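In UniProt numbering, the protein residues as written are 1 to 385.
Heads up, the beta-carbon is just placed ideally off N, CA and C, and yes, glycines get one too.
Just so we're clear, the structure is a prediction, and the values are computed from it rather than from any experiment.
Read through the structure below, which is laid out as structure tokens, and then see the notes.
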């Protein structure tokens, strides 16, 4: 990981009471990220991460992840170094995957013991032999140096401490965690610059090993599965939305068609009612017309009968719609004048005694009677008896 990338992961390792938690708080610009107190017994029982948004010297925004760990060389004999190793190994990898940029070995002015140089061995046991390339010795309690004494002079007073610093590539840093405000911020920025420089010296990479790689593969696989599940869930939700939309459109279409059918049916029923009314009206009109014609003719017949001219006229024939009177000879003849298709001469008796045709059932005697259709087209003659 190069300094231009957006995350830096740091692990604090050291003896109980050397100020690991206080150093972590200083890096995170906090007084409460980790529980810190001066004690010979470990306050930190488990690995714990803290995070801070940091702007490096290049103006790059980074997430600084700091992991505090249980302390070695605890005064409580029940807490062995082996138990601490196992505790750290069981928790640290998940918190710092895919790898660590810096291991800060925390020691303290006036409290360093020869066995503390074995801290490097603990780091090797947990992370592997090459982890030493990513270690920095941080000496807390810088304010307790003797007057006029600098950090390197203090380191040289202890061969064991000098060996530890040399094993870490002479990377060392002194800090007073009691500072506050800008003085403390300047110190923490200097420490981060040392970490950043070490990263560049390590080809811009973080420390990783088989365990980290295994965990990272597992993490990436879990991430892939999660993304795949999210993709499937999103696809299912989208399909459900499409299905609901189609169903709504189908229902709307069916409802529209139903309304159209209802309207068409209503129109058809309305038209049927109108046609029925028109038909009934036409029938009633026809009956009124028929009744009116018959009444007029019957009235005419009655008027003729009352005047003595109707003779034996019967009312209107239902099939022909014409009045008939029986002839005296048994032959029915229409009383009304003949149509243009039938010619019948009517004669009257002159004053000189000439014969006059009778319209009251008598016969024309001694006269020529001609008609078409009365006797199959032949002339009819009736002479004297």
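Helix, strand or coil at residue i according to DSSP, with G and I counted as helix
i	result
residue 20	helix
residue 11	strand
residue 241	helix
residue 181	helix
residue 389	Only positions 1 to 385 of the chain appear in the structure, and residue 389 is not among them; the question remains open.
residue 97	coil
residue 107	strand
residue 172	strand
residue 6	coil
Buried versus exposed, by CB contacts within 10 Å (16 or more), residue i
i	result
residue 70	buried
residue 119	buried
residue 108	buried
residue 165	buried
residue 161	buried
residue 148	exposed
residue 212	buried
residue 20	buried
residue 191	buried
residue 338	Because the pLDDT of residue 338 is 43, which lies under 50, any placement of that residue in the model is unreliable, and the question is left without a value.
residue 131	buried
residue 49	buried
residue 241	exposed
residue 22	buried
residue 260	exposed
residue 141	buried
residue 58	exposed
Residue i vs residue j beta-carbon contact at 8 Å
i	j	result
residue 172	residue 199	no
residue 97	residue 216	yes
residue 195	residue 136	yes
residue 207	residue 100	yes
residue 104	residue 12	yes
residue 201	residue 128	no
residue 143	residue 178	yes
residue 175	residue 26	yes
residue 56	residue 24	no
residue 85	residue 34	no
residue 95	residue 47	yes
residue 61	residue 53	yes
residue 134	residue 167	no
What alpha helix (DSSP H) runs, 4 residues minimum, are completely inside the stretch 113-153? 119-127
Is the stretch 216-236 close to the stretch 101-117, with three or more CB pairs under 8 Å? no
Check whether the stretch 7-18 touches the stretch 71-78, taking contact to mean three or more Cβ pairs, one atom from each stretch, closer than 8 Å. yes
Complete runs of the alpha helix (DSSP H) confined to the stretch 24-86 [at least 4 residues]: none
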